[in-house]
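First residue of the sequence shown: 1, per the UniProt record's numbering; consecutive thereafter.
One structure is given here, and the rest of the page talks about it.
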Amino acid sequence: MARPATASAASAAGAPAADDGRGRQGGAALLVLGGALSTQFGAAVAALLFPAAGPLGVVVLRLAVAAVVLMVLVRPRLRGRSRADWGVVAAYGMVLAGMNAAIYQAIERVPLGVAVTLEFLGPLALAVVMSRRPLDAVWVVLAGAGVLLLARAESGGGHGGAGGGLDPVGVAFALAAAVCWAGYILLAARAGARFPGTDGLALAMTVGALAVLPLGVADAGAALVEPRVLVLGAAVALLSSVLPYTLELFSLRILSTGTFGILMSLGPALAALAGWLVLGQALAWQQTAAIVMVVLAGAGSVRFSRPPA
1 MARPATASAA SAAGAPAADD GRGRQGGAAL LVLGGALSTQ FGAAVAALLF
51 PAAGPLGVVV LRLAVAAVVL MVLVRPRLRG RSRADWGVVA AYGMVLAGMN
101 AAIYQAIERV PLGVAVTLEF LGPLALAVVM SRRPLDAVWV VLAGAGVLLL
151 ARAESGGGHG GAGGGLDPVG VAFALAAAVC WAGYILLAAR AGARFPGTDG
201 LALAMTVGAL AVLPLGVADA GAALVEPRVL VLGAAVALLS SVLPYTLELF
251 SLRILSTGTF GILMSLGPAL AALAGWLVLG QALAWQQTAA IVMVVLAGAG
301 SVRFSRPPA
């Protein structure tokens with residue numbers, strides 16, 4: 001509703017309304033960047049919790065707190081749902097849990113920027129497959145070159161051993177998170193078609209929290225109820241889930257999906273920044289170049305590739 005009103009005002013008043021429209025676009029872009037920064041700094045805070053609660057324990061805290069907040073705010077309707085509806089929500093929640101568990105396991109073993117860069121290959125590959133244009137070969141080659149650079153780069157900051165390559169287990173977990181992210185995108189679309197607003201997300205978050213709960217308890221034990229762990233876990237949930245989803249929801253009412261996608265492509269670079277500032281993870285030049293390549297591939301895929309209707 002906002003964009004037609006802005007267009008009408010522009011027709012009547014001319015440039016001032018156009019300036020106002022550009023201002024709203026700029027504000028929405030800042031919301032997207034703020035959400036992306038919140039996500040990556042939330043991941044960095046989560047890494048600080050790993051020694052106390054373990055990756056799976058932190059996943060439980062993140063999903064459980066986010067689920068409670070979303071269920072209270074959204075209050076999704078539970079009655080009148082078909083078996084197919086619940087099947088989509090169950091799959092959505094399991095993929096959400098798998099994505100978070102895999103990326104946190106990866107972040108424990110490789111630098112944050114590297115882990116998020118590898119995870120970003122999931123949505124990038126999905127965008128390329130759905131587009132199927134010859135130009136997409138450019139982005140595949142660019143992203144592939146970035147991955148090869150990452151594979152050959154030596155890990156800094158104590159990850160993977162001094163002078164050794166990236167931890168292969170961490171890389172495997174990051175790639176598993178990439179697959180889950182692609183599945184998450186597909187299932188989010190299906191859930192959005194079956195559930196109004198963010199009902200599907202709230203229910204899926206609850207399913208994901210319940211699914212990973214036994215693993216988190218086994219990993220963290222009594223540490224899950226320690227006050228410091230609970231406070232930092234709640235901060236991770238707010239930074240990584242609640243705040244980004246809220247900011248993205250508002251921004252998508254103003255921005256085009258193309259602009260939104262290009263801004264989200266900055267995720268790996270922002271993750272590298274968060275890893276450096278919060279965790280002291282200075283990357284080698286090869287790793288930095290690889291991250292830039294994957295970011296450019298993602299932005300180019302969104303900007304120049306048009307998926308079929």
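Backbone N, C-alpha and C define an ideal beta-carbon position, used for all residues, glycine too.
All figures in this text were calculated on a predicted structure; none of them were measured in a lab.
Which term fits S82, buried or exposed, when burial requires 16 or more other beta carbons within 10 angstroms of its beta carbon?
The residue you call residue 82 lines up with position 82 of the sequence shown. S82 is exposed by the Cβ-count criterion.
If we ignore side chains and look at the alpha-carbon of each, how far apart do S251 and F120 end up?
For the purposes of this step, residue 251 is taken as residue 251 along the sequence shown, with counting starting at 1. For the purposes of this step, residue 120 is taken as residue 120 along the sequence shown, with counting starting at 1. Using only the alpha carbons, I get a separation of about 21 Å.
With C-beta atoms as the reference, is V59 less than 8 Å away from V212?
Locating residue 59 in the sequence shown gives position 59, counting from the first residue. Locating residue 212 in the sequence shown gives position 212, counting from the first residue. Yes, the pair counts as a contact, with Cβ atoms nearer than the cut-off.
For L124, does the count of other Cβ atoms within 10 angstroms reach 16, so buried, or fall short, so exposed?
Within the sequence shown, residue 124 is the residue found at index 124, counting from 1. L124 should be labelled buried.
Taking the alpha-carbon positions, what's the L126 to G42 distance?
For this step, residue 126 is matched to residue 126 along the sequence shown. For this step, residue 42 is matched to residue 42 along the sequence shown. Roughly 25 Å separates the two Cα atoms.
Ordered list of beta strand (DSSP E) runs contained in the stretch 46–105, each at least 3 residues:
none
Hey, is the stretch 270–280 in contact with the stretch 82–101, meaning 3+ C-beta pairs nearer than 8 Å?
no
Between the alpha carbons of F304 and A172, how many angstroms are there, rounded?
As a first step, residue 304 must be located in the sequence shown, where it is residue number 304. As a first step, residue 172 must be located in the sequence shown, where it is residue number 172. Whole-angstrom Cα-Cα distance: 30 Å.
For A36 versus G267, is the C-beta distance shorter than 8 Å?
The sequence position of residue 36 within the sequence shown is 36, counting from 1. The sequence position of residue 267 within the sequence shown is 267, counting from 1. The answer is yes: Cβ separation under 8 Å.
Rounded straight-line distance, which links the Cα of R133 to that of V302
In the sequence shown, the residue the question calls residue 302 occupies position 302. In the sequence shown, the residue the question calls residue 133 occupies position 133. When rounded, the distance between both Cα atoms is 12 Å.
CB-CB under 6 Å to S241, same chain, minus the five flanking residues each way: which ones, in chain order?
Translated into the one-based positions of the sequence shown, residue 241 becomes position 241. Excluding positions up to five away in sequence, the list reads A66.
Quick one, which of A204, Q105, W86 and T259 has its alpha-carbon nearest L70's?
Here residue 70 refers to the residue found at position 70 of the sequence shown. For L70, the nearest C-alpha among the options comes from A204.
Going by Cα to Cα distance, which pick from S265, L238 and T206 is closest to A90?
As a first step, residue 90 is located in the sequence shown; it is residue number 90 there, counting from the start. Among S265, L238 and T206, the Cα nearest to that of A90 is on T206.
Measure the alpha-carbon distance for L239 versus T117 and round it to whole angstroms.
One-based indexing of the sequence shown puts residue 239 at position 239. One-based indexing of the sequence shown puts residue 117 at position 117. About 19 Å.
Cα-Cα separation between residue 311 and G54, rounded to whole angstroms
Summary: the structure shown does not reach residue 311, with the chain confined to residues 1 through 309, and so no result is reported for it.
Could you check which residue in A182, A29 and Q40 has the C-alpha nearest to that of I107?
Sequence index remark: in the sequence shown, residue 107 carries index 107 (1-based). The shortest C-alpha separation from I107 is found at Q40.
Cβ-Cβ separation, V32 to L255 (assumed contact under 8 Å), whole Å
As a first step, residue 255 is located in the sequence shown; it is residue number 255 there, counting from the start. As a first step, residue 32 is located in the sequence shown; it is residue number 32 there, counting from the start. Contact holds; Cβ gap of about 7 Å.
Among residues of its own chain, excluding the 5 on either side of I185, which ones have a beta-carbon nearer than 7 Å to its beta-carbon?
For this step, residue 185 is matched to residue 185 along the sequence shown. Contacts found: P123 and L126.
Please say whether T259 and A47 have beta carbons closer to each other than 8 Å?
Residue numbering aside, residue 47 sits at position 47 when the sequence shown is read from its first letter. Residue numbering aside, residue 259 sits at position 259 when the sequence shown is read from its first letter. In this structure, T259 does not lie closer than 8 Å to A47 by Cβ.
Within its chain, find whatever has a CB closer than 7 Å to the CB of A44; leave out the 5 residues flanking it on each side and keep chain order.
As a position in the sequence shown, residue 44 is number 44, starting the count at 1. Closer than 7 Å at Cβ, skipping near neighbours: L112, A274, G275, V278 and L279.
Does V88 pass the burial test, meaning 16 or more other C-beta atoms within 10 Å, or should it be called exposed?
As a working note, residue 88 is residue 88 in the sequence shown. Classification of V88: buried, given that the 10 Å Cβ count is 16 or more.
Inter-residue Cα distance where the pair is A177 and A102:
On the sequence shown, position 177 is the one that residue 177 refers to. On the sequence shown, position 102 is the one that residue 102 refers to. Taking the straight line from one Cα to the other gives about 5 Å.
In three-state terms, what does DSSP make of T259?
Taking the sequence shown and counting its residues from 1, the one referred to as residue 259 is at position 259. In the structure shown, T259 sits in a helix (DSSP, three-state: H, G or I).
Own chain residues within Cβ distance below 8 Å of A218, not counting five before or after
What you label residue 218 is simply residue 218 of the sequence shown in a count that begins at 1. Contacts found: L56.
Should R62 be labelled buried (16 or more other beta-carbon atoms within 10 Å of its own) or exposed?
Taking the sequence shown and counting its residues from 1, the one referred to as residue 62 is at position 62. Buried, by the Cβ-count rule.
Please report the Cβ distance between A269 and W139, rounded to the nearest whole angstrom; I am assuming they are in contact, meaning their Cβ atoms lie under 8 Å.
Mapped onto the sequence shown, residue 269 falls at position 269. Mapped onto the sequence shown, residue 139 falls at position 139. Actually they are not in contact, since the Cβ atoms of A269 and W139 sit about 16 Å apart, beyond 8 Å.
Short of 7 Å in beta carbon distance, which residues of its chain neighbour G158, apart from the five on each side in sequence? Order them along the chain.
Locating residue 158 in the sequence shown gives position 158, where the first residue counts as 1. Below a pLDDT of 50, predicted positions are generally treated as unreliable, and G158, at 40, falls in that range; the measurement from the model is reported next regardless. The answer is none, since no qualifying residue turns up.
Could you tell me if W181 is buried or exposed, where buried requires 16 or more neighbouring beta carbons within 10 angstroms of its beta carbon?
Taking the first residue of the sequence shown as 1, we reach residue 181 at position 181. Buried, by the Cβ-count rule.
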